[in-house]
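Just below is one structure, and these are the notes that go with it.
Protein chains: 2
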Amino acid sequence: MEIIKAKTFFDGDTGVLKGDKISRSERRLKDMEGIFTDKDAYERMPPDTLVYKVEVHEAVKDIPGGLYFGVSHVYPGRVGHEYFMTKGHFHARRDTAEYYWGITGHGVLLFMDEKRTVWAEEIIPGSLHYIPGNIAHRLINSGDSELTVGACWPSDAGHDYTTIVNAGFSARILEKNGRPEIHF
Amino acid sequence: MEIIKAKTFFDGDTGVLKGDKISRSERRLKDMEGIFTDKDAYERMPPDTLVYKVEVHEAVKDIPGGLYFGVSHVYPGRVGHEYFMTKGHFHARRDTAEYYWGITGHGVLLFMDEKRTVWAEEIIPGSLHYIPGNIAHRLINSGDSELTVGACWPSDAGHDYTTIVNAGFSARILEKNGRPEIHF
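Quick note, the sequences are listed as chains A and B, same order.
Residue 5 is where the first sequence starts when you use the numbering used here, and the numbers rise one by one after that.
Residue 5 is where the second sequence starts when you use the numbering used here, and the numbers rise one by one after that.
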């Protein structure tokens, strides 16, 4: 019997994920209606503008005890003073955690618990972030280059985007004098 | 409210893990009685020889839905023709998966299911490996430099080392003409 060559590759220095069983999804401005606070600025921007891309290695599907491994790429940009960011979500199975780690760029990880209490951590290349169960999370690119973040989470976690689409986060990260600030 | 600076850091290019809530454990030859096949070669080596070190970020303890994030360092060396390796284990909660990814060095990931069927994947910098639930796993350093491997797994997985200590894996990775081979 031979030692099998790996079929999937993750470059921890650049975030490139390639090989077998990788799914990719993109979110453009037109997919993010109602997410950004400045509606006029949103309407003025090209709707096809790419905001972020998510790549996921899916060795299994939705099974208890399984895991997914992925990379999120949030592109630099703003809608008015609000940085490009992910829609953000709770996990559908609320008590499941997730790890994020910064690979390239500068950003903010916004956390919100179910009582709508918010806090935020700075993401830099090499920062490691634990997202406990029952906590919504959103990635924000506060820099001027691509924010690349590695992720690992339980494959039965699922995504609840609806709670955030309906009620938002209780704080936003806005640019002020070239730096990110939390606004309630 | 301020954006909080990260307190834990993971360098995806070198595998250095540092900061808050990191536990470290080491295995030396004297901790691995009965693991290597060549007993005479084992007895002749300094018992304090470091075989591997595991570092784990433990943001939580053993809770369902939680995760751990770690780095394993397997040092180069052999006991006779058998490469330095980890003890290997099943997860105590058998159905839990794990991700490994190669960071530095060259190695082999040995898998074994509960029917004792074995297979092996080559680990190189940038290789990504999914270990499904119910599968024992062992890291083997088949190169001449440190093998560094990132890992993420459910915090309620636990470790069952005893099954492997008692019955071993049904195959070993041995050096032959400077290259790793599977031996049954």
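From the three backbone atoms N, C-alpha and C, an ideal C-beta is built for every residue, glycine too.
Query raised in the report: What residue from B:Phe-188, B:Asn-145, B:Tyr-72, B:Glu-6 has the CA that sits closest to Pro-129 of chain B's CA?
Result: Sequence index remark: in the second sequence, residue 129 of chain B carries index 125 (1-based). Measuring C-alpha to C-alpha distances from Pro-129 of chain B to each of B:Phe-188, B:Asn-145, B:Tyr-72, B:Glu-6 identifies B:Asn-145 as the nearest.
Query raised in the report: Using the beta-carbon of each residue, which ones in chain A are nearer than 7 Å to Ala-124 of chain B?
Result: As a position in the second sequence, residue 124 of chain B is number 120, starting the count at 1. Within chain A, the residues near Ala-124 of chain B are Ile-7, Ile-8.
Query raised in the report: Between which two residues does the beta strand (DSSP E) carrying Val-112 of chain B extend?
Result: What you label residue 112 of chain B is simply residue 108 of the second sequence in a count that begins at 1. Val-112 of chain B -> beta strand (DSSP E) spans 111–116.
Query raised in the report: Is the CB of His-110 of chain B under 8 Å away from at least one CB in chain A?
Result: Indexing the second sequence from 1 puts residue 110 of chain B at position 106. It does not: the Cβ of His-110 of chain B has no partner Cβ on chain A nearer than 8 Å.
Query raised in the report: Quick one, are the C-beta atoms of Glu-55 of chain B and Leu-33 of chain B less than 8 Å apart?
Result: The residue given as residue 55 of chain B occupies position 51 in the second sequence. The residue given as residue 33 of chain B occupies position 29 in the second sequence. Checking the sequence, you will find Val at residue 55 of chain B rather than Glu. For Val-55 of chain B and Leu-33 of chain B, yes; Cβs fall inside 8 Å.
Query - Minimum C-alpha distance to Val-60 of chain B - residue among A:Leu-114, A:Tyr-134, A:Tyr-79 - result: Start at 1 with the first residue of the second sequence, and residue 60 of chain B comes out as number 56. Per the Cα distances, A:Tyr-134.
Report task. Give a yes or no on whether 8 Å exceeds the smallest Cβ distance from Ala-63 of chain B to chain C. Result -> No chain C appears in this structure, whose protein chains are A and B.
Query - Interface positions of the segment 129–159 of chain A facing chain B (Cβ-Cβ less than 8 Å), listed along the chain - result: From the segment 129–159 of chain A, only Gly-130, Ser-131, Leu-132, His-133, Tyr-134, Pro-136, Gly-137, Gly-154, Cys-156, Trp-157, Pro-158, Ser-159 have a Cβ closer than 8 Å to chain B.
Query - Residues in the segment 157–187 of chain A having any Cβ partner in chain B nearer than 7 Å - result: Pro-158, Pro-184, Ile-186
Requested in this report: Compile a chain-ordered list of the residues in the segment 67–81 of chain A whose CB is closer than 7 Å to at least one CB of chain B.
Outcome: Pro-68, Gly-69, Gly-70, Leu-71, Phe-73
Query raised in the report: Closest to Lys-91 of chain B by CA distance: which of B:Thr-41, B:Ser-131, B:Val-64 is it?
Result: Along the second sequence, read from residue 1 onward, the residue named residue 91 of chain B stands at position 87. Out of B:Thr-41, B:Ser-131, B:Val-64, B:Thr-41 has the C-alpha closest to the C-alpha of Lys-91 of chain B.
Query - Residues sharing a beta bridge with Ala-140 of chain A, DSSP - result: Position 136 of the first sequence, counted from the first residue, corresponds to residue 140 of chain A. Ala-140 of chain A is bridged to A:Met-116.
Query - Reduced DSSP category for Ala-45 of chain A - H, G, I as helix; E, B as strand; rest coil - result: Along the first sequence, read from residue 1 onward, the residue named residue 45 of chain A stands at position 41. Three-state DSSP puts Ala-45 of chain A in a helix.
**Report entry** Entirely enclosed beta strand (DSSP E) segments - the segment 23–105 of chain B, minimum 3 residues
**Finding:** 26–32, 54–61, 71–78
Requested in this report: Look at Pro-51 of chain A and Pro-158 of chain B and say whether their C-beta atoms are less than 8 Å apart.
Outcome: Here residue 51 of chain A corresponds to residue number 47 of the first sequence, with the count starting at 1. Here residue 158 of chain B corresponds to residue number 154 of the second sequence, with the count starting at 1. No, they are not a contact pair.
Query raised in the report: With respect to the beta strand (DSSP E) encompassing Ile-135 of chain B, which residues constitute its N-terminal and C-terminal limits?
Result: Residue mapping note: residue 135 of chain B aligns to position 131 of the second sequence, counting from 1. It spans 132–135 - the beta strand (DSSP E) in which Ile-135 of chain B sits, taken as one unbroken run.
Query - Alpha carbon of Phe-115 of chain A to alpha carbon of Val-20 of chain B, nearest angstrom - result: In the first sequence, counting from the first residue as 1, residue 115 of chain A sits at position 111. In the second sequence, counting from the first residue as 1, residue 20 of chain B sits at position 16. Rounded to the nearest angstrom, the two C-alpha atoms are 26 Å apart.
Report task. Using 10 angstroms around the beta-carbon of Glu-30 of chain A, count the other beta-carbons present and answer buried if the total reaches 16, otherwise exposed. Result -> Reading the first sequence from its first residue, position 26 is the one you call residue 30 of chain A. Exposed, by the Cβ-count rule.
Query raised in the report: Is it buried or exposed for Asp-148 of chain A, if we count other Cβ within 10 angstroms and need 16 for buried?
Result: Within the first sequence, numbered from 1, the residue matching residue 148 of chain A stands at position 144. By the neighbour-count rule (16 or more Cβ atoms within 10 Å), Asp-148 of chain A is not buried but exposed.
Query raised in the report: In chain order, what residues of the same chain have a beta carbon less than 7 Å from the beta carbon of Gly-162 of chain A, not counting five sequence neighbours either side?
Result: Looking up residue 162 of chain A in the first sequence gives position 158. When the five nearest sequence neighbours on each side are left out, the beta carbons in the same chain lying within less than 7 Å of the beta carbon of Gly-162 of chain A are those of His-95, Ala-96, Arg-97, in order along the chain.
Query raised in the report: How should Ala-171 of chain A be labelled, buried or exposed, when 16 other C-beta atoms within 10 angstroms of its C-beta is the threshold for buried?
Result: Walking along the first sequence from the start, residue 171 of chain A turns up at place 167. So Ala-171 of chain A counts as exposed.
Report task. Scan the segment 13–36 of chain A for residues whose Cβ lies nearer than 7 Å to a Cβ of chain B and list them as they occur along the chain. Result -> Phe-13, Phe-14, Asp-15, Gly-16, Asp-17
Query - Chain-ordered neighbours of Asp-4 of chain A on chain B, where CB pairs are closer than 9 Å - result: The structure shown has nothing for residue 4 of chain A, since chain A only spans 5 to 188.
**Report entry** DSSP bridge partner residues for Thr-152 of chain A (one or two, in chain order)
**Finding:** Against the first sequence, residue 152 of chain A aligns to sequence position 148. Its beta-bridge partners are A:His-77, A:Thr-108.
Query raised in the report: Does the Cβ-Cβ distance between Ile-8 of chain A and Glu-179 of chain B come in under 8 Å?
Result: Against the first sequence, residue 8 of chain A aligns to sequence position 4. Against the second sequence, residue 179 of chain B aligns to sequence position 175. Cβ atoms of Ile-8 of chain A and Glu-179 of chain B: not closer than 8 Å.
**Report entry** Boundaries of the beta strand (DSSP E) in which Thr-12 of chain B is found, first to last residue
**Finding:** The count along the second sequence starts at 1 and reaches residue 12 of chain B at position 8. Taken as a continuous stretch (DSSP letters only), the beta strand (DSSP E) holding Thr-12 of chain B covers 12–14.
Query raised in the report: From the beta carbon of Tyr-103 of chain B, is the nearest beta carbon of chain A less than 8 Å away?
Result: Along the second sequence, read from residue 1 onward, the residue named residue 103 of chain B stands at position 99. True, the Cβ-Cβ gap to chain A drops below 8 Å.
Query raised in the report: Just how far apart, CA to CA, sit Gly-16 of chain B and Ser-131 of chain A?
Result: Here residue 16 of chain B refers to the residue found at position 12 when the second sequence is read from its first residue. Here residue 131 of chain A refers to the residue found at position 127 when the first sequence is read from its first residue. Whole-angstrom Cα-Cα distance: 10 Å.
Requested in this report: Rounded to whole angstroms, what's the CA-CA distance from Thr-12 of chain A to Gly-23 of chain A? Just pull it up for me.
Outcome: Walking along the first sequence from the start, residue 12 of chain A turns up at place 8. Walking along the first sequence from the start, residue 23 of chain A turns up at place 19. Going by C-alpha positions, Thr-12 of chain A is about 4 Å away from Gly-23 of chain A.
Query - Simplified DSSP assignment, three categories, for Val-122 of chain A - result: Translated into the one-based positions of the first sequence, residue 122 of chain A becomes position 118. Three-state result, Val-122 of chain A: strand.
Query - Span of the beta strand (DSSP E), counted from its first residue to its last, around Ile-186 of chain A - result: Translated into the one-based positions of the first sequence, residue 186 of chain A becomes position 182. Where Ile-186 of chain A is concerned, the enclosing beta strand (DSSP E) stretches over 183–187.
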